[in-house]
Amino acid sequence: MPLPKAELHLHIEGTLEPELAFRLAERNGVTLPYADTGELREAYRFEDLQSFLNLYYELMAVLIDEQDFEDLANAYLERAAAQGVRHAEIFFDPQAHLERGVPMGVIVEGLWRALGRSEENHGVSTRLIMCFLRDKSAESALLTLEMAEPYLDRITGVGLDSAEVGNPPVKFREVYEAAAALGLRRVAHAGEEGPPEYITEALDVLGVERVDHGLRCVEDPELVARLVRDRIPLTLCPLSNVRLRAVDVLAAHPLPAMLDAGLLCTVNSDDPAYFGGYAGDNFRAVREALGLTDDRLRELARNSFLASFLDDDEELRARYLAEVEAYEFGDAVS
Ligand code: ADE
Ligand code: ZN
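In short: position in the sequence shown from 1, add 150, done, that's my numbering.
Structure representation (structure tokens):
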């Protein structure tokens, strides 16, 4: 039995496996510029975040109607459940679909057809987090929030993703203020490729409760002290960091030192179809490459539920935490 865990950093579009991409392309009459899944997988040699994003946005062309979004989410939930994910807080990138003419209602309702039945179908509770693309304008983000207003009963929070360097958090001050006024939770990618100052800015200017990645905080001891003191969770994505070259090799990942420093770290998959593994695969990889003890793995699983937005269902959170404490380690963490 896999270790029970919550996944807090997962882009639903990043779960599009080549096989599903080709199936949806055929169903929708879309031509992909790759002959087959093998040729597509050959393209998965990323130099950095931008080279990954180029492919990530290109493949989204196959997502057109509600059924596509539902199939995508169900495929993820099934794989996640098999790897011990009990709760998933799922990002989506509406601007990448709106600009292709896919309406907000198709995206949200399509995803909801899977998420709304996920507890009964997959045993996974879910929340939905709408991300703004930081390489688009602040006005576009505001417009996106406005378009999401009819669907806010389905959306728990907002996030910020895409190309980080040159697009600092302060650019999105206004839309985060508006999101907070609507009662939405706030997270943001910061310190993945961008400097530690972006993490500080995300906390101070955007009021984020959780930092996605946050890896580069290790360069600033004062920031680390603040994150420890204020118990700000970081949603780390170890296999993503290797594929996008934020770290050279997994054995050099700072996760053990970050845990030793008292940071509230969690382990997540980011874009599992592109980076070589789902949540459990990431747990297994860090255990093997970094020699994490069972106590450390249990801490990571505990942190994932503590850092989740289950504040609206403390009973469920308590049940998951009890599952983590009762877990008996065998060989499987995934
Ligand atoms: N969009 C999807 N994955 C991302 C990542 N790792 N960083 C920024 N934007 C993303
Ligand atoms: Zn991400």
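Idealized CB from N, CA, C, for every residue including glycine.
Taking a cut-off of 8 Å for Cβ pairs, the stretch 207-219 and the stretch 170-190 touch, as three or more such pairs fall below it.
According to DSSP, residue 280 shares a beta bridge with 242 and 308. Listed as beta-bridge partners of residue 294 by DSSP are no residues whatsoever. Secondary structure of residue 180 (DSSP, three-state): coil. In this structure, residue 230 lies away from residue 170, with their beta-carbon atoms at least 7 Å apart. In this structure residue 164 touches residue 421 by the C-beta definition: roughly 3 Å separates them, less than 8 Å. The C-alpha of residue 358 is placed about 8 Å away from the C-alpha of residue 335.
The beta carbons of residue 274 and residue 227 sit closer together than 7 Å.
The C-alpha of residue 284 lies about 17 Å from the C-alpha of residue 354. Closest in C-alpha terms to residue 425, from the list 395, 341 and 325, comes 395. If the five residues before and after residue 191 are omitted, its C-beta is found closer than 8 Å to the C-beta atoms of 168, all from its own chain and listed in chain order.
If you check the C-beta of residue 420 against the ligand ZN, you find a heavy atom less than 6 Å away.
Nearest C-alpha to residue 258 among 270, 249 and 303: 303.
For residue 403, the CB stays at least 6 Å from every heavy atom of the ligand ADE. Taking the CA atoms as reference points, residue 310 sits about 5 Å from residue 281. Close CB contacts of residue 407 within its chain, under the 8 Å cut and outside five residues either way in sequence, are with 368 (chain order). Ranking 199, 313 and 330 by CA distance to the CA of residue 299 puts 330 first.
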